[in-house]
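Using full-length UniProt numbering, the first residue of the sequence shown is number 1, and each one after it goes up by one.
C-beta: ideal position from N, C-alpha, C; glycine also.
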Amino acid sequence: MAIDNYLLTLIKNTGKTFNITPIIGSLSWKDSLDTLGVELSFSKAHSDEKYLAGYDVIEVGDKTILTNNGNEVFRGIITDEDIQGRTGRSYTAYDYMFYMNKSKTDPIQVNKEAASQAITRLCQKLNIGIYSIPHISTKIDAIYKDKTFAEILLDILEQATNELGIKYKAEMKQGKLFIAKHTDLVINATYQMSYNTPAFDVGKAIGSVSKQRSIGDMRNSIIVTSSEESDLGVKALVKDSASISKYGLLQENVSVDSKDFPQAYNIAKNKLTELNKITESTSIELLGDDRVLSGRILYITEPLTKLSGAYLVKDVTHNYSNKIHKMSLTVESKVM
């Protein structure tokens, strides 16, 4: 761990680069499990005075890379410019998931391929670089039409989660696709205030905190049925009688294709394990660590709300201002 030293580099389509760190003001980046991709925002002062014209180099479509002590934090494309009168500009950039969320592919058929193999083949077809993808054994048999890469990717990973009971995180890393199990993304987040003080565990130095508990998303009975409208049979039923007795019947219906009938019981069991619980959502503020992104598992200790252990980061917003790095995040129920 070292003192934060951020560098924001602008890359023009010609390949020419500019260090724009000295001219930006606020800097933030965020991501969420509910969306694919990281969003970066920054602002800069603006003037139409002639002697400052050379500093007005940022344009929509430019690439940008954010590093901290040489380690890449973000890489993406500037997609939006907000002009605030004569004196201010703010910009939004997205990592390269932007294209995967926006661009629809040609029709693609996946014929009983392992999920990881199907994703690899899709990346090769669309010229998407791969950072790393774990082996995912679930067999995928589907035809995708009028879909974006992101929609196809999420569908494949959802099928794998339903069958295997393993949750995966997909994101871009150094401009390439990175997929990992949530349980392989454990972070011991730290922060170093100054050169002459040691780094400390931010999970034990929490700022503001709020916590909500709800059974609104609980499901204590899972039925698996066919996706074919003419087939009304139940392929599997798994339920928790004790939970039903306490909270009442909260049932979920999962529709599957005929090829997945042999896995119907596993699908129902894994879905019950996922949903049969009181949802806890906690919002906290911490000093920042670049490694904390959605899908990470973070160790937290907070006596007031009785937080203790490993929690899944649902979403996080990093803010860097006045040389202080803070992050606001939402974490879900203890996962380890």
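When DSSP assignments are scanned along the region 39-125, the uninterrupted stretches of beta strand (DSSP E) that are 3 or more residues long and fall wholly within it turn out to be 39-45, 63-68, 71-84, 88-95, 108-114. Fully contained in the region 131-166 are the following alpha helix (DSSP H) runs of length 4 or more, in chain order: 149-164. Annotated three-state conformation of I244 is helix, per DSSP.
Assignment of S258 by DSSP, reduced to helix, strand and coil, places it in the helix class.
According to DSSP, residue pairing for Y299 in a beta bridge involves A310.
Exposed is the label assigned to I324, since fewer than 16 other Cβ atoms lie within 10 Å of its Cβ. Our two residues, N111 and Y96, have alpha carbons roughly 28 Å apart in a direct line. Taking the Cα positions, P198 is about 26 Å away from L8. Distance from the CA atom of Y144 to the CA atom of K102, rounded to whole angstroms, is 16 Å.
Straight-line spacing of the CA atoms in V331 and L10 works out to 33 Å. Three or more beta-carbon pairs drawn from the region 144-160 and the region 104-124 are found closer than 8 Å, and the two stretches are therefore classed as touching. Cβ neighbours of E113 within its own chain (closer than 6 Å, five residues either side excluded): I140. Between F261 and K235 the beta-carbon gap is near 5 Å, inside 8 Å, which marks them as a contact. One alpha carbon belongs to L40, the other to S32, and they sit about 13 Å apart.
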